[in-house]
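What follows is one structure encoded as structure tokens, with my remarks underneath.
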Amino acid sequence: MSRFILIDQSIVDIGGHHYEYAQHVLSAAKAAGYTPVLAAHREFKDTGAPWKVFPAYRLGFWKRMSKATVGERLAKTYTNLYHRFFVLKTRLFFSQLGFLWVVRNNAIEYLRWHPFDSAFKIGYAAALAVIFLPIRALFRILAAIVPFRGFFRQIWETAWTTMRGALGLLFESLSSGGTLHDWRFQRRKAKMFAADTLDLLRALKPEAGDLIFIPTLGVPEMVGLTEVWDRYQDSMRPSYHLLFRRNLYDGREWQYGDQDELMTPLRNAFLAFRSRLSSARVFFYTDTEELTKQHERVSSLPFHTCPIPHTESPSLRVASPAKPLQLVYLGDARAEKGYHYFPALVEDLRRDFLATGRVEFKIQSNYNIPKGESEAVVARCLLQGVGGDGVTLFLEPLPSEQYRSVLREADLLILPYDRDNYYARSSGVLIEALTAGIPVVAPAASWLGRQFADSVYEYRNRLLQTREEDVVPARRHQLWQQSGTGKSWYLGASREMHFGGEDRSAQSWINVPRDTGYLWIRMDLDSAEEGHAVLLNVTGHDRSGRKCEESSDILAPGYASTQVVGLVPVGPQTTKVLVSLRHAFADVELTVTNFEIGFLLQNEGDAPLPLSAVGAGYTDVGNLSAAVREVLAHYDHYRDTAMDNAPAAYDFHNAGRLVSMLSTQASTRESTGAKQETGMAKTVAARVSA
Amino acid sequence: MSTGGIVQVSDISVGSGNFDSLSLLRSLVDLYGLPATILEPDQQDKAISQLEGGLDVVRIPTSTHFRSTTGRIEFVSSVAAKINQLRPRILIIRCSWNIPVLYRLAKKPPLVIYHATESTTYYGNFDPEFNRHARQWIDVVVFPEENRAAIDIRRCGFEKIPVALAYNSPTRLADLEDPIPPADRNGRIYYSGALDVNATFVDYYGDTRMQAFPIDIYGYIGGSEPERTRKVLVNAGGQIRYKGFVDTKYLEAARPNYAYSLTIWKTSNENQTYACPCKFFESIASGVPPVTAPHPQPKQIVERYKCGIVMKGWGFQDMLDAFTRAMQLYGTPEYDEMVQNCNIAMKEELNWDRQFERVRRLLPRSI
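Below you can see the structure in the form of structure tokens.
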């Protein structure tokens, strides 16, 4: 039987995300007829897993997992010595001696203004400081009569500069933030990965039908692999499947061009790797479409997007009216995951939801690094200060069973991630929630928001369809203007619009029909593939022209269509709205087509409609509380739509599909390295610089 | 002067803007039943306060101005000598300016609380390093604002020290009074605090459009261009009145009669960007809805409780728009609701009792 060998050098125990991932994949591999094998960190203790475990690796993926080197211990000693020196220096400075030192050049001046002794009793000592002046003068005379003073000064300065340079280099090399230190760590990582993989494969004796999957790796591991292939021929028999999960670029596709030059070292690493592939069968993956584009752009290699495997099939969920709704955050406590927004969210919901027992918070709060990021430290202190009133914090990493239990019991998952950091990167816990039918709150126009954007727009379209008789389109020839440029135009039959950033936003005043409950807007984004999004602002004015309400929404397409649909509530006192459309992130020109805008009527006294489905995407963190309130106000709807969405989400994201994808790739004749340029991203070929 | 009690080292004379620290000190006195001494520098224009409730104020003179380098050295040395003599059980260090005191102590008191009321860079670029190397002596750090907390924790390596966030909101629940009914107010906006064309937008009052609003301005004229500031204030016509520098008691009595207060600082440094002034909370405690620039903490509080108005930005038009809205709302049920919400905000979160609770849970039961 062929083997499915999963290598994750970061697995040190059975808790945590890495083991969870491996567990799902290996179980699916077993179900698919493979013999599963796990290669983990040397600290991993086999606890009766139903597959063979090789604790082979000395160094994990993360720098913090490595033991301190001699250099790092020396750097720590230096830090301790410097600390003692600094304390001594400060003690001396804030003493009579320090005072004397500061007044040394102006002792007489000081005494003139303070002829009598002060409480500090410095008078006599200050008088003594006067002696400093003639001593200094004497040294100056001596210095003046020394011949070739300039020459000696030059030697001194050169020696001093050289010494500082050497010390600086040493510091760069030893301190954990230094470039040299980082470079040395990467090399060490590559060598150790190579050595440990070599030992592993020599023990395993891999065969042609075997499949090696490495779900956590970077450039050092890639370099290490080529060394293994060079030194052990049999290591090229199995197929290799390498999964990359980190961002390469910041921001979105239209911003990548400015960063291409920074990618040169990475690009060179990929090209060098490709040239050493020889007859090894290697396949490349990421777990999001956006990351695939990034990696193809940099590497000139074809990448595939694979599903997220650590999901469970959906099961029926019923919220018990007697029990508070469980609002859950899972993941470690760090700034890019928005952990530091929870204290404000908890306070915002305290009066209406926490104090009334309608909701409870369960917030995972273990730090990602030993000390914790400062924002997370502050936030955790604030949350701990809440004192257990409906807020449970998990201060340690959750064991798998407990993690799954908390997730299963969650009624709403709140993931206030950094929109830009998570534009391309995946969130495993979001997929776990969606496949389990749990509603979510996440930032709009992020990878997270995009996972349910199609469902949201489908819901809104369906709403407008089923309530067709209440739909009132805005006047056909609506006047639009660009506030900053003064341009104006009537929206004609083409229903096409152009707008950019704030100064080039498209604005229109529209009268609101009686009995209006909502404003809707619909359009196709032409540049949908490029990470753009539209910011819709609606400002309501009453009969006397006073502003009475304001709301905004970010509309970014999902995967199924380029269409976006906005739905914004309009209050009863609003008689006129100012609608403003602009690019959500920058002053980049957008073209939208098939633009439609109108109103949805609603009888007075009717219950408000849910604005979204499956989950709520928020515009910015200031609207996070509003998004959570929206879901809580229509909880049954969000739960039902999330449950309806769950089977499709699970069909896409499951371990069986991942294993099947890898197997299918493995059965292809040629590997990625030997593939022709035609398989590569179209933009990449043009971007290869001379 | 007693030994074995609580000592607080202040960076300013008591009674001139450090009510937050006084509240902290009083709460500790109540909690542990210990006498307390405040060691303060000599601000020559401030009289030595006579405080009730077992608080003793000792003024430490320096032969040079206390804010100069030599003045700081003198003050720190003298204070350290005094603390070594008093041997307190609890030491409160107010502000980074006093952190060097810790270096000169013969023995660390059983409990050292660092009340980080200003950003560590406020008093100079060397202060973060003073803070970093002083961590070994600090048991609890209290910050008034969470962004400043995050920045200073990272800068000074305070991750392992227990941290509490306590707003600069000194009013206790027991001292909370019912707000003056909106109908009985004077319909004016007040601003009290530093007056500086370069730091608190005093130049806005020189514009005739701003002078259409009824604004009373209290405060001490200072900063880098006091003459220019004075000229703007004295010549401000329309409905703007400069009322001069008044004492705290006068302001406390006058404040509840106003319709709104104004909170705004130029974001030229960290401290001012993440402003969390006492007067913002005092305004809410008096039932006077604040009009605030979008400094993170005031903005968050006003939006959470709907107890005031948040400007869109720091620009002239932003202030104009906010005042316009304020005047439109005054006298309407929406304004009445804002006043009520001020009271709700105080009762639910902003009272000092609730703030101190965040600190208390980090402290030992007995000392």
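Chains A and B, in that order, give the protein sequences. For the first sequence, this note's numbering gives the first residue as -19, with consecutive numbering after it. For the second sequence, this note's numbering gives the first residue as 966, with consecutive numbering after it. The beta-carbon is built from N, C-alpha and C at its ideal position, and this holds for glycine as well. As the structure is a computational prediction, the values presented were derived from the model and not from experiment.
At least one C-beta of chain B is nearer than 8 Å to the C-beta of A:Ser354. From the listed residues A:Asn86, A:Arg456 and A:Val568, the smallest Cα separation to A:Gly511 is found for A:Val568. Counting only the Cα atoms, A:Leu180 lies some 9 Å from A:Pro35. One alpha carbon belongs to B:Ala1240, the other to B:Pro1263, and they sit about 8 Å apart.
For A:Tyr265, no alpha helix (DSSP H) segment is defined; the enclosing uninterrupted segment is the beta strand (DSSP E) at Arg261 to Thr266. Pairing A:Pro304 with A:Gly352 gives a Cβ-Cβ distance that is not under 8 Å. Using beta-carbon distances, B:Arg1069 counts as an interface residue toward chain A, with a partner under 8 Å.
Residue state for A:Thr573 is assigned as strand, using DSSP reduced to three classes.
Judged by their CB atoms, A:Asn348 and A:Arg314 are nearer to each other than the 8 Å cut-off. When the beta-carbon positions are compared, B:Asn1096 and B:Ile1064 come within less than 8 Å of each other.
Counted as a single uninterrupted DSSP element, the alpha helix (DSSP H) harbouring A:Cys361 occupies residues Ser354 to Gly365.
Residues of chain B whose Cβ lies closer than 8 Å to the Cβ of A:His63 are, in chain order, His1098. The three-state reading of DSSP puts A:Val608 in helix, counting H, G and I together.
Spanning the alpha carbons of A:Val611 and A:Val514 requires a straight line of approximately 23 Å.
At the C-beta level, A:Met172 and A:Leu39 come within 8 Å of one another.
Under the Cβ criterion of 8 Å, A:Val421 is not counted among the residues facing chain B.
Contact between B:Ile1025 and B:Phe1040 holds, since their C-beta atoms are separated by about 6 Å, short of 8 Å. Look at the beta carbons and you see the stretch 1207 to 1226 of chain B touching the stretch 1255 to 1262 of chain B: at least three pairs across the two are nearer than 8 Å.
DSSP lists A:Asn491 and A:His521 as the beta-bridge partner residues of A:Lys556. In terms of beta-carbon proximity, B:Lys1047 stays away from the interface with chain A, with every pair separated by 8 Å or more.
Our two residues, A:His521 and A:Gly578, have alpha carbons roughly 17 Å apart in a direct line. By the criterion of at least three beta-carbon pairs nearer than 8 Å, the stretch 1002 to 1011 of chain B is in contact with the stretch 1020 to 1037 of chain B. Minimum Cα-Cα distance from A:Ser435 among the listed residues A:Tyr598, A:Met202 and A:Val594 corresponds to A:Val594. B:Gln1204 is a Cβ neighbour of B:Gln1176, given a cutoff of 8 Å. By the C-beta criterion, the stretch 265 to 273 of chain A is judged not to be in contact with the stretch 545 to 563 of chain A, since fewer than 3 inter-stretch pairs fall below 8 Å.
Not a single C-beta of chain A is nearer than 8 Å to the C-beta of B:Lys1208. Taken atom to atom, the span from the alpha-carbon of A:Arg526 to that of B:Glu1299 is near 14 Å. Comparing C-alpha distances from B:Arg1269 to each of A:Thr138, A:Asn603, A:Asp(-7) and A:Asp495 shows the shortest one belongs to A:Asn603. Following the DSSP letters along the chain, one finds B:Glu1192 in no beta strand (DSSP E) but inside the alpha helix (DSSP H) bounded by residues Pro1191 to Asn1200. Nearest in C-alpha terms to A:Thr266, of all of A:Leu581, A:Ile194, A:Asp(-7) and A:Ala629, is A:Ile194.
Counting of Cβ neighbours within 10 angstroms places A:Leu205 among the buried residues, the total reaching 16 or more.
Burial check for A:Met(-19): the Cβ neighbour count within 10 Å stays below 16, so the residue is exposed. Using a Cβ-Cβ cut-off of 8 Å, A:Val518 does not count as an interface residue toward chain B, since no Cβ of chain B sits closer than that to its own.
For B:Arg1024, no CB of chain A lies under 8 Å from its own CB, so it is not counted at the interface with that chain.
In chain order, Ile1154 and Ile1205 place their CB closer than 6 Å to the CB of B:Ile1180, counting only its own chain and leaving out the 5 sequence neighbours on each side. Of all residues in the stretch 1248 to 1270 of chain B, the ones placed with a Cβ closer than 8 Å to any Cβ belonging to chain A are Gln1265, Glu1268 and Arg1269, in chain order.
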